[in-house]
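Some notes on the structure that comes next.
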Amino acid sequence: MRRAAVAITTAMVVVVTLTTGFVLGRTIDSQQSAASEPSPKTESPSPPPTSPESSAPPSEEPVPELVPLEPDDTWDGPSGTMRLTGTDEVALTFDDGPSPSWTPKVLNTLSAWGVKATFCLVGKEARAYPELVQDIVNQGHTLCNHSWNHEYDLGSESAAKIRKNLERTNDAILAAVPDAHIGYYRQPGGQWTNRVVGVSMKLGMVPLHWSVDPSDWDKSVKTAHIEKEVRGATDAGAIVLMHDGGGDRGRTFSALEPILSDLTSRFHLIPLP
Numbered sequence: 001m002r003r004a005a006v007a008i009t010t011a012m013v014v015v016v017t018l019t020t021g022f023v024l025g026r027t028i029d030s031q032q033s034a035a036s037e038p039s040p041k042t043e044s045p046s047p048p049p050t051s052p053e054s055s056a057p058p059s060e061e062p063v064p065e066l067v068p069l070e071p072d073d074t075w076d077g078p079s080g081t082m083r084l085t086g087t088d089e090v091a092l093t094f095d096d097g098p099s100p101s102w103t104p105k106v107l108n109t110l111s112a113w114g115v116k117a118t119f120c121l122v123g124k125e126a127r128a129y130p131e132l133v134q135d136i137v138n139q140g141h142t143l144c145n146h147s148w149n150h151e152y153d154l155g156s157e158s159a160a161k162i163r164k165n166l167e168r169t170n171d172a173i174l175a176a177v178p179d180a181h182i183g184y185y186r187q188p189g190g191q192w193t194n195r196v197v198g199v200s201m202k203l204g205m206v207p208l209h210w211s212v213d214p215s216d217w218d219k220s221v222k223t224a225h226i227e228k229e230v231r232g233a234t235d236a237g238a239i240v241l242m243h244d245g246g247g248d249r250g251r252t253f254s255a256l257e258p259i260l261s262d263l264t265s266r267f268h269l270i271p272l273p
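Here the sequence shown is numbered in UniProt numbering, starting from 1 and rising by one per residue.
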């Protein structure tokens with residue numbers, strides 16, 4: 001999608017450049033034939049961005065007006081993190097598990113609706129409950145690293161400490177499922193820094209944020225609020241944050257079925273690849 005936007009934008013710039021050159025040439029001819037006529041003011045177009053896909057055939061038709069392209073918001077999360085799926089599809093994500101109390105219930109509900117999701121696993125919980133990691137993978141869901149012990153301030157640590165933490169978490173997940181693909185990292189609390197983003201990317205994990213947060217982590221938030229927030233705030237391309245671990249998730253679980261009933265009627269729900 002972003003490559004397409006770059007290609008389209010570049011083609012438009014090339015057309016403007018050719019059109020401007022044509023106008024300038026006509027202006028010079030006009031000056032030579034009638035010096036008394038003032039030359040029209042022309043504007044220099046911005047240089048095209050450097051891109052291996054920036055070339056496009058010029059158009060012979062003048063462009064009367066440039067319409068700004070819609071910005072690609074996929075990567076506009078904090079510190080350049082992924083905030084949207086980049087398609088019309090919606091992704092549900094569950095953080096802080098696996099939990100023996102809630103993860104099996106969430107998995108059963110997702111299975112009943114034929115929905116796959118992405119689970120952001122805490123390393124020490126993955127080590128404690130490897131069978132739940134196996135269940136998540138065996139049922140077709142995808143995985144995300146969520147730090148070893150849900151460290152909110154991990155991003156302020158040195159790059160070496162961050163790397164050690166994320167690798168330890170990945171090792172715990174891989175001990176449960178040796179061939180597991182861990183394609184994402186989510187910083188606890190969304191407390192991103194450029195450093196933690198950089199380390200996660202060097203380890204081959206996409207820094208994953210969200211666009212919908214029903215605050216189901218807040219003990220004061222009721223089931224009705226969780227349901228209403230997810231249903232009302234979810235648009236095409238949304239990444240929805242919810243929790244299957246880290247405490248009592250009964251309210252999230254109670255809201256999950258009506259959420260699935262609504263979202264599956266409006267969107268295609270996917271696990272992040």
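Glycine included, each C-beta is placed from N, C-alpha and C at the ideal position.
{"Check": "Counted within 10 angstroms of its Cβ, other Cβ atoms place Ser99 as buried (16 or more) or exposed", "Outcome": "buried"}
{"Check": "Length of the line joining the Cα atoms of Ser258 and Ala233", "Outcome": "Residue identity differs from the one stated: residue 258 is Pro in this sequence, not Ser. Answer to the nearest angstrom: the Cα atoms are 15 Å apart."}
{"Check": "Start-to-end residues for the beta strand (DSSP E) that takes in Phe94", "Outcome": "Val90 to Gly97"}
{"Check": "Residue closest to Pro188, alpha-carbon to alpha-carbon, out of Trp210, Asp248, Asp135 and Leu263", "Outcome": "Trp210"}
{"Check": "Beta-carbon gap between Val122 and Asn149 smaller than 9 Å", "Outcome": "yes"}
{"Check": "Beta-carbon separation (whole angstroms), Ala159 vs Arg195, contact threshold 8 Å", "Outcome": "6 Å"}
{"Check": "Start and end residues, beta strand (DSSP E) containing Thr118", "Outcome": "Thr118 to Leu121"}
{"Check": "Cross-strand partners of Ile270 (DSSP beta bridge)", "Outcome": "Ala91"}
{"Check": "Endpoints, beta strand (DSSP E) assigned at Val177", "Outcome": "Here Val177 belongs to no beta strand (DSSP E), and DSSP marks it neither H nor E."}
{"Check": "Burial state of Asp29 (16 or more Cβ within 10 Å)", "Outcome": "Low confidence applies to Asp29: its pLDDT is 41, below 50, so where it sits in the model is not reliable enough to give any reading."}
{"Check": "Buried or exposed (CB count within 10 angstroms, at least 16 for buried), Pro178", "Outcome": "exposed"}
{"Check": "Buried/exposed call for Asn108, threshold 16 Cβ in 10 Å", "Outcome": "exposed"}
{"Check": "CB contact flag (Thr87, Gly183, <9 Å)", "Outcome": "no"}
{"Check": "Where Gly77 falls, given that 16 or more other Cβ within 10 Å makes a residue buried", "Outcome": "buried"}
{"Check": "Pick from Asp96, Val212, Ala180 and Met201 that is closest to Lys124, judged by C-alpha positions", "Outcome": "Asp96"}
{"Check": "Three-state secondary structure assigned by DSSP to Ala128", "Outcome": "helix"}
{"Check": "Per-residue burial, Pro273 [other beta carbons within 10 Å of its own, 16 or more giving buried]", "Outcome": "exposed"}
{"Check": "8 Å contact criterion, which Thr252 and Trp113 should meet: CB distance rounded", "Outcome": "Not quite, the Cβ-Cβ distance comes to about 15 Å (not below 8 Å), so this is no contact."}
{"Check": "Asp216 burial status per 10 Å Cβ neighbour count (16 or more: buried)", "Outcome": "buried"}
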